[in-house]
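Protein chains in written order, with this note's numbering: chain A, -17 to 94; chain B, 5 to 117.
Every residue, glycine too, gets a C-beta built ideally from N, C-alpha and C.
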């Protein structure tokens, strides 16, 4: 069965370190998204991609980057982790706007 | 800009009670509307959707009707169960332009036996 997987599920890192969160989907969806979820803020869009070599900034992109070298993967990199980036991160993919998104199970990141 | 407003939670009900979670939106054109559910420790799952005015989405006993005149998409269920305890998110995606889901804040629902 097709799926979308995120790794790791949990990560603790130190302030200033570079961290990469993985997202891999086997749906063959062109569209992929990264969100962060925080109490009081709901889900906020970090970056998104409509296909290979395409990336776009979302509403909270500062301090994050993505690259899309194939259809299946959209890794999210925190260039220099900050405590404000402690959050739960969700990756999602979609085939079209009317079908909605399929979400991964999330990565809980703690920056100490 | 586009936005979604949900009723604030948390909401606590007894089993078999009637559920309504209000959702209104602001967007130009004719967005598609969604309800997602998030169970503890899990990602979001699509619960139901509606893509045009007067459409009714339904799944697992939940229903929501796309009301263009009131820009609303309220979630309802006639008889809730303990297993419905979760966080519910209303969301929209515009019919043109960027294919980005815009979420409401989420409503935490707890059902007591």
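Reduced DSSP category for residue i - H, G, I as helix; E, B as strand; rest coil
i	result
residue 42 of chain B	strand
residue 84 of chain B	coil
residue 0 of chain A	coil
residue 89 of chain B	coil
residue 122 of chain A	Examination of residue 122 of chain A is not possible in this model, given that chain A is present from -17 through 94 alone.
residue 62 of chain A	coil
residue 16 of chain B	strand
residue 77 of chain B	coil
residue 57 of chain B	coil
Where the beta strand (DSSP E) containing residue i begins and where it ends
i	result
residue 23 of chain B	23 to 25
residue 116 of chain B	111 to 116
residue 11 of chain B	Unbroken run through residue 11 of chain B: none, as it is neither H nor E.
residue -8 of chain A	-8 to -5
residue 67 of chain B	66 to 69
residue 54 of chain B	48 to 54
residue 12 of chain A	Here residue 12 of chain A belongs to no beta strand (DSSP E), and DSSP marks it neither H nor E.
residue 48 of chain A	46 to 48
residue 43 of chain A	It is not in any beta strand (DSSP E) - residue 43 of chain A carries neither H nor E in the DSSP assignment.
residue 60 of chain B	60 to 63
DSSP beta-bridge partners of residue i
i	result
residue 102 of chain B	Note: residue 102 of chain B sits in no beta bridge, so no partner.
residue 71 of chain A	A:18 and A:89
residue 26 of chain A	A:18
residue 6 of chain A	A:-13 and A:55
residue 32 of chain A	Note: residue 32 of chain A sits in no beta bridge, so no partner.
residue 30 of chain B	B:7
residue 84 of chain A	A:75
Under 7 Å from the C-beta of residue i: neighbouring residues of chain B
i	result
residue 10 of chain A	Ordered by position in chain B, no residue passes the 7 Å Cβ test against residue 10 of chain A, which lies about 16 Å from the chain.
residue 50 of chain A	Result: empty, since nearest Cβ-Cβ is about 15 Å, beyond 7 Å.
Residue i classed as buried or exposed, judged by whether at least 16 other C-beta atoms fall within 10 angstroms
i	result
residue 20 of chain A	exposed
residue 70 of chain B	buried
residue 15 of chain A	buried
residue 76 of chain A	buried
residue 130 of chain B	Residue numbering for chain B in the displayed model covers 5 to 117; residue 130 of chain B lies beyond these limits and cannot be assessed.
residue -1 of chain A	exposed
residue 89 of chain A	buried
residue 21 of chain B	exposed
residue 67 of chain A	buried
residue 94 of chain A	exposed
residue 99 of chain A	For chain A, the structure presents residues -17 to 94; residue 99 of chain A sits outside this window and is missing.
residue -6 of chain A	exposed
residue 84 of chain A	buried
residue 111 of chain B	buried
residue 45 of chain B	exposed
Partner residues on chain A for residue i, Cβ-Cβ distance less than 7 Å
i	result
residue 46 of chain B	87
residue 66 of chain B	Chain A residues near residue 66 of chain B: none, gap ~15 Å exceeds 7 Å.
Proximal residues of chain B, C-beta to C-beta of residue i below 9 Å
i	result
residue 13 of chain A	103
residue 60 of chain A	Near residue 60 of chain A there are no residues of chain B at all, since even the closest Cβ is about 20 Å away, more than 9 Å.
The ligand HEM heavy atom lying under 6 Å from the CB of residue i
i	result
residue 56 of chain B	With respect to small molecules bound, the structure shown includes none, and the ligand HEM cannot be examined in it.
Where residue i meets chain A, residues with beta-carbon distance less than 9 Å
i	result
residue 110 of chain B	19, 24 and 25
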